[in-house]
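To start, the structure under review is shown below, and the notes come after it.
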Amino acid sequence: MRTTLTAALAAVLCFAPSADAANDAALAEIRAQVKQMKESYEQRIAALESRLADAEKTAAKAEATAVQVATAPPPAAPAAAMSAFNPEISVILQGQYKNMKDIPERGITGFWPANGHSHGDDHSAEQRGFSIDHSELVFTAGIDPYWRGNLTLGIQDNEVEVEEAWFQSLAIGHGLGLKGGRFRSGIGYLNDKHPHAWDFADAPLMYQVLFGSHASYTQDGAQLKWVAPSKLFVEIGLEAGRGSTYPGTDENANGANAGAAYVKFGGDVGVANSWLAGLSYLQTSAKDREAEFEDVNGLAAQGLFDGTTKTWIADFVWKWAPDGNPSDRNFKLQGEYFRRTEKGELDCLDEEGVGNACDPAMSGATVLSNYDTRQSGWYLQGVYQFTPNWRAGLRYDRLDSGRRDFGVNENNLLVADYRPQRATVMADYSWSEFARMRLQYAQDRSMQGVTDNQVTLQYIMSMGSHGAHKF
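Going letter by letter, the sequence shown gives residues 13 to 483 in the numbering used here.
The following block contains the structure:
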């Protein structure tokens, strides 16, 4: 028995050191984990304390800045507020050199002669050689949060005319917009764009026969527009005005002498393409609208027209730019078609206004007859910008003199049945959006029996603030 007890005691003494070693290893592992957690928490606490210090510094700077602003001299704030009332001023320098035939009285065969007084001043369409063409001085500013205004002065040679002088609403809401004063009508596509925004050096023949040498229709009146709240762009416009510019005349009467209505649609096709289409209607009236005709004997005859002009215009524009970014490359296809009727009376006098060149047997009298015409025309053009600076374009114009009924004067006046046409090619270089030089060549057959090869070198330079052009 003694032997057994001794053996057991020896076994216990033999295994005791192994148990203590295991316990020591476990304790060491726990201490290491506690130390690691402590260090981790200390790092996080240090980071939070650093962020708190940075926030306190930022708050202190902001408070110091607020105190500075609050204690700053009062003139600084009024000066910033007053700048909002300073108008944006821009100057468009647009001049040219033009080489073409010397034709004393230019016109477009088969259409109301363009040398009548109702057409207004010519934008150098007949000026050969060097000219400043048509420069502009523009003032634009916000009047208050509800209205803005614009004044555009046209400068040609030594004459200055008021091209536009309008105010426009900013905050009516519901898609409505109101404009009043003198403004370019919203009919068609090209009409409301100034010459420096054209893609060619001159207007299409269509605009010249519709609106005279100014090649645009300007209203003194009011314009109301509504843009529909739809994914497809839909705009409807109505206008009423004095109607004093061609094809109307200034009758100095109460009410509106001209009215216009139009609807425009547009949208995107994918990312790279967009389009705009429109249909417009214009009606004007004229009293003693003057023009010169030629009778069957080759004598000059003066015509005075009293009546109504109705014009329909259909327009379409398609634009392409890769990935929707037109800065490097883009292409624009543009076309318009018109149909016009005029009905009224034509008073025919000799060039002195006293005798009669239409019917020599009635010398000293006038020949009053019906005047009824139906005419049409169109143009199509494409312009491709192939680098950020270079563009090239091609345009073709075609008119149809259509039906022209001069009544009893038809036997005495020359009535030409002709389809004027013109082909134009151009290339221009833009150093920036403010500086452009353009070279253009046109083969003009708008006068019967005349082929006029015209070369135009044009510059367009913009100074000052100038808003973006319309689509």
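Heads up, the beta-carbon is just placed ideally off N, CA and C, and yes, glycines get one too.
Close Cβ partners of residue i (< 6 Å) along its chain, the five nearest in sequence each way excluded
i	result
Asp440	Arg403, Arg448 and Arg450
Lys344	Lys331 and Val395
Pro90	The pLDDT assigned to Pro90 is 43, lower than 50, so where the model puts this residue is not dependable, and the model offers no usable value.
Asp384	Lys355 and Asp417
Lys276	Glu247 and Gly290
Ser102	Val150, Gly476, Ser477 and His478
Tyr408	Leu392 and Ala435
Trp124	Ala303
Ile144	Gly107
Tyr349	Ala326 and Trp390
Arg499	There is no way to answer for residue 499, as the model of the chain reaches only from 13 to 483.
Val81	Legend: pLDDT at Val81 = 45, less than 50; position of this residue unreliable, no value from coordinates given.
Pro207	His146
Val239	Gly187 and Glu247
Gln430	The amino acid at residue 430 is misidentified as Gln; the sequence shows Tyr. Cβ within range, chain order: Thr121, Gly122, Ser413 and Gln460.
Secondary structure of residue i, DSSP reduced to three states
i	result
Asp456	strand
Met511	Within the shown structure, residues of the chain are numbered from 13 to 483, placing residue 511 beyond reach of any answer.
Gln139	coil
Ser413	strand
Ser62	helix
Asp262	coil
Leu39	helix
Leu17	At Leu17, the pLDDT of 46 sits below 50, so the modelled position is not reliable; the number obtained from the coordinates is stated separately. In the structure shown, Leu17 sits in a helix (DSSP, three-state: H, G or I).
Asp464	strand
Gly119	coil
Phe317	strand
Lys205	coil
Met449	strand
Tyr53	helix
Ala12	Nothing about residue 12 can be reported from this structure: the residues present for the chain run from 13 to 483 only.
Gly271	strand
Phe245	strand
Val46	helix
Gly419	helix
Ser484	The question about residue 484 has no answer here: the residues shown for the chain are numbered 13 through 483.
Ala298	strand
Ala153	strand
Lys482	coil
Ala67	helix
Met112	coil
Thr257	coil
Cβ neighbours of residue i in the same chain (closer than 8 Å, five flanking residues each side left out)
i	result
Pro241	Gly187
Lys299	Thr261, Glu263 and Asp318
Val281	Trp287
Phe398	Arg341 and Ala404
Lys243	Gly279
Best match in the options for proximity to residue i [C-alpha to C-alpha]
i	options	result
Met218	Gly200, Ala313 and Asn423	Gly200
Gly267	Ser256, Tyr109 and Glu61	Ser256
Asn285	Gly271, Ala333, Lys243 and Val172	Ala333
Thr463	Lys322, Gln48, Lys113 and Lys47	Lys113
Ile472	Phe446, Phe350 and Gly461	Phe446
Val485	Pro157, Asn382, Pro432 and Gly389	Since the first residue shown for the chain is 13 and the last is 483, residue 485 is missing from the structure and cannot be characterised.
Thr7	Asn269, Gly461 and Phe305	Given that the chain is displayed from residue 13 to residue 483, the structure contains no residue 7 and the question cannot be resolved.
Tyr258	Asp204, Ala213, Ser297 and Pro432	Ser297
Val174	Gly193, Ala38, Ser143 and Ala265	Gly193
Leu426	Gly347, Gln314, His226 and Ala273	Gln314
Tyr158	Gln139, Arg140, Glu138 and Phe179	Phe179
Asn401	Gly347, Ser339 and Gly279	Ser339
Ser413	Gln387, Glu422, Tyr53 and Leu406	Gln387
Phe142	Asp36, Ile155, Asp169 and Ala153	Asp169
Ala358	Trp324, Arg351 and Glu422	The sequence as given places Leu at residue 358; Ala does not occur at that position. That would be Glu422, whose Cα lies nearest to the Cα of Leu358.
Own chain, CB closer than 7 Å to residue i, minus 5 neighbours either side, in chain order
i	result
Ile184	Leu190
Asp335	Val283 and Ala284
Nearest-angstrom beta carbon gap, residue j and residue i [assumed within contact, 8 Å]
i	j	result
Gln455	Arg434	7 Å
Gly356	Phe418	That belief does not hold up - the Cβ atoms of Gly356 and Phe418 are roughly 12 Å apart, past 8 Å.
Gly253	Gln231	4 Å
Asn465	Val308	Going by Cβ atoms, the distance from Asn465 to Val308 rounds to 31 Å, so no, they are not a contact pair.
Thr121	Ala428	5 Å
Leu222	Arg352	7 Å
Ala213	Thr468	5 Å
Strand pairing of residue i, partner residues [DSSP]
i	result
Glu148	Ile104 and Gly166
Tyr383	Gly356
Asn285	Val281 and Trp332
Ala303	Gly315
Met473	Leu105 and Ala447
Trp210	According to DSSP, Trp210 bridges with nothing at all.
Below-8 Å beta-carbon distance, residue i vs any chain B residue
i	result
Asn337	You won't find chain B in this structure, because it holds only one protein chain.
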